[in-house]
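For what it's worth, this note's numbering labels the leading residue of the sequence shown as 89, then goes sequentially.
Below is one structure; the comments refer to it alone.
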Amino acid sequence: MTPNMVPSAYRGVSVARLGRMDGRLLLGREAYRRTRFVVVRDERGGTTLLRVEKESEVPLFSPITKIEVLAPPEECAYVVAPEADTAVPSTLARIALTRAQGVRAVVVEGRYGHVSFIVNPDPLRLAVQEIVPPEPPKLLDQVRRLLAVAEDLPPIVPVADTVGFEELAARAPAERYVLPCGGSGVTVGDVPAAYLDRRPALEKWTLLGCARSREIHEWFYGEPAAATVEICPRARGRAPGVPTLTKCCLLEDRIERSDGLVVVPWGATLGQVRAALEHLARGWEPSWRPV
89 MTPNMVPSAY RGVSVARLGR MDGRLLLGRE AYRRTRFVVV RDERGGTTLL
139 RVEKESEVPL FSPITKIEVL APPEECAYVV APEADTAVPS TLARIALTRA
189 QGVRAVVVEG RYGHVSFIVN PDPLRLAVQE IVPPEPPKLL DQVRRLLAVA
239 EDLPPIVPVA DTVGFEELAA RAPAERYVLP CGGSGVTVGD VPAAYLDRRP
289 ALEKWTLLGC ARSREIHEWF YGEPAAATVE ICPRARGRAP GVPTLTKCCL
339 LEDRIERSDG LVVVPWGATL GQVRAALEHL ARGWEPSWRP V
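Okay, structure coming up:
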């Protein structure tokens, strides 16, 4: 069966409560013209997911003439998640992976009491490369916020692929570091740190920075830093085996795309991050559509 099967609208999903789990009991019953799927709940709490056909979709209600079992009780879980927007495929996939792992069909009762489902959840795992702090990292936070409302994108689960300033500094121990800016509250343990955006007096320090930071350093002081540790997420390259979203401050007003890798500007807008997600989704599963 098709992976990541979700309905195009939860108004096409109805819930029926029967004394016993037998979808045939619905044959001949009237159903609303928009109803295409029925979640059957029995008196023991079991759940069956059905696809139904009706005699007609013209009148307001019409008899059910055909039933297809998409998932019997042993393959179906019912999850109550009041915070979840069940119109969003990525939200359905996240709940399936975290609260009903290994179950083929997961029905979710979410915000406003709306009910929807996902069958054969297999979302795109997307590595989001970042440097911390801040926490959460900005790019990862932007991705999560967008996916929380993206009703038209296939299921995507972002995976943090982060590295910390202290970890980077440990690669080149020094008595003093200079960092690009202090806006994120970045420190390097107990080692004194200066910040380029404050244009401090030149010292023999190690720069934790990127290509643009090195340019700024030479502009300010007429010479490179005594030593440098690269912090640009883009320099790490694509994460092994998964599509990757990363960022680079050398991209000021555009995004770059290559095979399985999208790079956005360091201060990317939500629109730019959304465009990156759309590109990655098309490359991963170009034919995906809600049913």
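Glycine included, every Cβ here is placed at the ideal spot set by N, Cα and C.
For residue 216 against residue 237, the beta-carbon gap comes to about 17 Å, at or over 8 Å, which does not count as contact.
DSSP, read as helix, strand or coil, puts residue 148 in coil. Residue 362 is positioned such that its CB atom lies no closer than 7 Å to that of residue 212. Within the stretch 243-306, the complete alpha helix (DSSP H) segments at least 4 residues long are 253-257, listed from N- to C-terminus.
By the beta-carbon neighbour count (other beta carbons within 10 angstroms, threshold 16), residue 249 is buried. Within the same chain, 219, 256, 296, 297, 298 come within 7 Å of residue 319 by CB-CB distance, once the 5 residues on both sides are set aside. The beta carbon of residue 266 is closer than 8 Å to those of 281, 282, 283, 284, 288, 291, 293, 294, 295, 296, 297, 305, 313 in its chain, skipping five residues each way along the sequence. Bridge partners of residue 344 according to DSSP: 351.
Taking C-beta atoms as the reference points, residue 332 and residue 322 fail to come closer than 7 Å.
Rounded to whole angstroms, the Cβ separation of residue 180 and residue 206 is 4 Å, and the two are in contact under 8 Å.
Burial is judged here by how many other beta carbons sit within 10 angstroms of a residue's own beta carbon; residue 192 has at least 16 and is buried. Of all alpha-carbon atoms in 240, 104, 317, 114, the one lying nearest the alpha-carbon of residue 129 is that of 104.
With fewer than 16 other Cβ atoms inside 10 Å of its own Cβ, residue 200 counts as exposed.
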